[in-house]
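See structure below.
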Amino acid sequence: MKNKEKQELHQKTIVQLQKEIGKVEEKLAELRLELKAGKLKNFHQLMNQRHQLAFLKTILREKELTK
């Protein structure tokens, strides 16, 4: 994830972050199914989604603690 994307995520509201987390979790579930079925070609895509999910949850938690 690029720095510009990270800065944009920091600007989002709690509701927007929760929606984004939901999207990433859905994508992660799809990738896991593909992995189990043996159809996943790019394993790094799965890892990137996991990292993005962790980053989003971190930002969300920071915002919750500051309010």
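In numbering that gives the first Met the number 0, the protein residues as written are 0 to 66.
Beta carbons: idealized from backbone N, C-alpha and C, even for Gly.
Everything numeric in this text was worked out from a predicted model, so none of it was measured.
Rounded C-beta distance between residue 13 and residue 52? I'm assuming under 8 Å. In fact, because the Cβ distance is near 16 Å, the residues do not count as touching under 8 Å.
Per-residue burial, residue 30 [other beta carbons within 10 Å of its own, 16 or more giving buried]: buried
Expected contact under 8 Å - CB spacing of residue 39 and residue 33 to nearest Å: 4 Å
Whose CA, out of 66, 3, 18 and 24, lies closest to the CA of residue 47? Selected option, being the one with the closest Cα: 24.
Among residues of its own chain, excluding the 5 on either side of residue 59, which ones have a beta-carbon nearer than 8 Å to its beta-carbon? 13, 16, 17 and 20
Which word fits residue 55, buried or exposed, when buried means at least 16 other C-beta atoms lie within 10 angstroms of its C-beta? buried
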